[in-house]
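In the working numbering, the protein residues as written are 745 to 1283.
The structure under discussion appears below in the form of structure tokens.
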Ligand code: TEU
């Protein structure tokens, strides 16, 4: 097997809770995923990434793990998991899981022990202090929670039910590696590592006078040591693919995390391009996309990872983000196809988030009762406390909430819940499911689905897509996102129009690789790219 197989792969992310329910519980399950494996195989994906299905009280939809060795009954049993793994492999696909080791649920046995007394052997698996500092939780409020019985505070960078683990403790690290080996022995093919660049908190825990504390624990002092140790001990021996989810990291760090000679991670997700509608870093406000900034970020990361010898995961969407078509486009199938072309022909391993291949949109919820996400509900309370009017808060949530990406997969026009469940779905559906659904998509050769399928096939056929160098073309019209890939004597040019207006492009086309809207040539030196059009051609 090619040691770099993940460089040639396309990954499909499944958020099982919202994928396919076979029991009528209203929540998707593992058997539901197994039933849809043929759908994924037909689409052409190589790797399936399952977000957490471990035992959990589900305060943060499974990112609060209570037992790393068990499947949450909500999703089924270990037998169901084994079957899913076998069936995935039987179809020539690979399966990766989520590894959440920055924190555990406070219901995890380790924390249950740790909170018993200050001298409990598990106390030091977590981070306790007599006094809190001023660091803030990423879900709002202080990052410290008071524990009355033992008279100390524990650190939680996320919800207060997600206690941060103390990676300084070698015993804890051993436990983690043993757990990774358990899944490695089962035969899974890798992990997506949740907020993995936050593991090393430093030792000083000083107040942050200029920020929320993140500069102390982001890419912290011992982070590369920990990741290298975990990789050589637990990932490499099982040939696992790894993708690190990086919170607020830098390009320099990104190269360090992914340069193969350093034996840390295969690739990373960074989120800078998904903060271009966070003015001054503020998520909870409505703002247009800063398109110039978007292009600068891609230019920097694409060219920089390429020349530094690192490797990117490329993506627009995941379970923490509003639907990309609604955010970067107008929600139309054309915009969905344009975004797909843009991302799939870049340098890196592309990720598709469930429903993205159908052009699913954000649901535009209108009341607070429709939301489920802990971060969203906290933000709602904080904004209301600050006096922001209800209507405005709801409009902010409709554009920014993580629940925008978590509505059920739209399988068919079947009433009442699009073939997702026969029960009551845990969260409502986007109301366009009667038109936007997998069944309709498969029956329509011009659908977003077939556009994704074509992009996946092109990647397999043309080595330039996987390994060509990348250079951005910044001299074209301001509404265009354009780059070229170069391999040997071949030059592949990709031009996407992020506006609804047609734009003239002064470039010469030799051979069109993919394009979803009619391209009109002005003369042999120029062509017109329609609004939300995208084209890739050999120049
Ligand atoms: O997310 C990490 C993270 O910090 C963000 O993506 C976060 O959701 C966003 O910044 C909020 O504005 C990961 C998981 O993907 C997410 O679902 C979990 O809630 C989080 O870690 C904690 O485990």
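Even glycine gets a Cβ: it sits at the ideal position worked out from N, Cα and C.
Asked: Inspect the beta-carbon positions of residue 805 and residue 761 and report whether they are closer than 8 Å.; Found: yes
Asked: Identify the continuous beta strand (DSSP E) that holds residue 755 and give its terminal residues.; Found: 755-758
Asked: Given a threshold of 16 other Cβ atoms within 10 Å of its Cβ, counted over all protein chains shown, does residue 1119 qualify as buried or as exposed?; Found: buried
Asked: Need the endpoints of the beta strand (DSSP E) that residue 1040 sits in, please.; Found: First-last for residue 1040: 1035-1052, but that is the alpha helix (DSSP H), not the beta strand (DSSP E).
Asked: Counting Cβ pairs, one atom from each stretch, are 3 or more of them under 8 Å apart for the segment 1096-1106 and the segment 1121-1135?; Found: no
Asked: Please list the segments of the alpha helix (DSSP H) lying wholly inside the segment 1055-1098, counting only runs of 4 or more residues, in order along the chain.; Found: 1068-1072, 1077-1088
Asked: The ligand ATP heavy atoms versus the CB of residue 799: any closer than 7 Å?; Found: The ligand ATP is not among the ligands present in this structure, which contains only the ligand TEU.
Asked: For residue 929 and residue 983, what's the separation of their Cα atoms in angstroms?; Found: 11 Å
Asked: Taking the alpha carbon of residue 919 as the reference point, which residue from 765, 1199, 977, 825 has its own alpha carbon closest?; Found: 977
Asked: For residue 1119, verify whether its CB is less than 7 Å away from any heavy atom of the ligand TEU.; Found: yes
Asked: Taking only the alpha-carbon atoms, compute the straight-line gap between residue 819 and residue 884 and give it to the nearest angstrom.; Found: 29 Å
Asked: Starting from residue 891, trace the beta strand (DSSP E) both ways and give me its first and last residue.; Found: 888-891
Asked: Do residue 1245 and residue 1272 have their C-beta atoms within less than 8 Å of each other?; Found: no
Asked: Is DSSP giving residue 898 helix, strand or coil here?; Found: strand
Asked: With residue 1227 as the anchor, note down where its beta strand (DSSP E) starts and where it stops.; Found: 1224-1231
Asked: Closest to residue 1230 by CA distance: which of 1260, 1224, 1211, 1079 is it?; Found: 1211
Asked: With a 10 Å radius around its C-beta and 16 neighbouring C-beta atoms as the bar for buried, classify residue 962 as buried or exposed.; Found: buried
Asked: Between which two residues does the alpha helix (DSSP H) carrying residue 916 extend?; Found: 914-930
Asked: Touch check for the segment 1030-1039 and the segment 1000-1012: three-plus C-beta pairs under 8 Å?; Found: no
Asked: Please classify residue 890: is it buried, with 16 or more other beta-carbons within 10 angstroms of its beta-carbon, or exposed?; Found: exposed
Asked: Report the partner residues of residue 841 according to the DSSP bridge assignment.; Found: 935
Asked: First and last residue of the beta strand (DSSP E) that includes residue 854?; Found: Not the beta strand (DSSP E): residue 854 falls in the alpha helix (DSSP H), residues 853-858.
Asked: May I ask you to check if the CB of residue 902 is nearer than 7 Å to at least one heavy atom of the ligand TEU?; Found: yes
Asked: Where residue 986 and residue 1098 are concerned, what is the direct C-alpha to C-alpha distance, given to the nearest angstrom?; Found: 20 Å
Asked: Just tell me which of 859, 754, 1214 has its CA closest to the CA of residue 1046.; Found: 1214
Asked: Per DSSP, what kind of secondary structure is residue 974 in: helix, strand or coil?; Found: helix
Asked: Helix, strand or coil for residue 1196? Go by DSSP, reduced to three states.; Found: helix
Asked: Along the alpha helix (DSSP H) that carries residue 822, what are the first and last residues, could you check?; Found: 822-834
Asked: Check for me: the alpha helix (DSSP H) holding residue 811 runs from which residue to which?; Found: Premise fails: residue 811 lies in the beta strand (DSSP E), 811-815, not in any alpha helix (DSSP H).
Asked: Just to confirm my understanding: we take residue 958, look at its own chain, exclude 5 residues before and 5 after, and list those with CB closer than 7 Å. What are they?; Found: 992
Asked: Indicate, with yes or no, if the ligand TEU has a heavy atom lying under 7 Å from the CB of residue 1146.; Found: yes
Asked: Between residue 770 and residue 1168, which are expected to be in contact by the criterion C-beta below 8 Å, what is the C-beta distance as a whole number of angstroms?; Found: 5 Å
Asked: Counting C-beta neighbours from all protein chains within 10 Å, is the total for residue 1069 16 or more, i.e. buried, or is it exposed?; Found: buried
Asked: When every heavy atom of the ligand TEU is checked, does at least one fall within less than 7 Å of the C-beta of residue 687?; Found: Because the chain is modelled from 745 through 1283, residue 687 falls outside the range shown and cannot be assessed.
Asked: Sort 1176, 1262, 1227, 1161 by Cα distance to residue 1284 and report the nearest one.; Found: Lying outside 745 to 1283, the shown extent of the chain, residue 1284 is not represented and no answer is given.
Asked: Taking the beta strand (DSSP E) that residue 1214 belongs to, which residues open and close that run?; Found: 1213-1216
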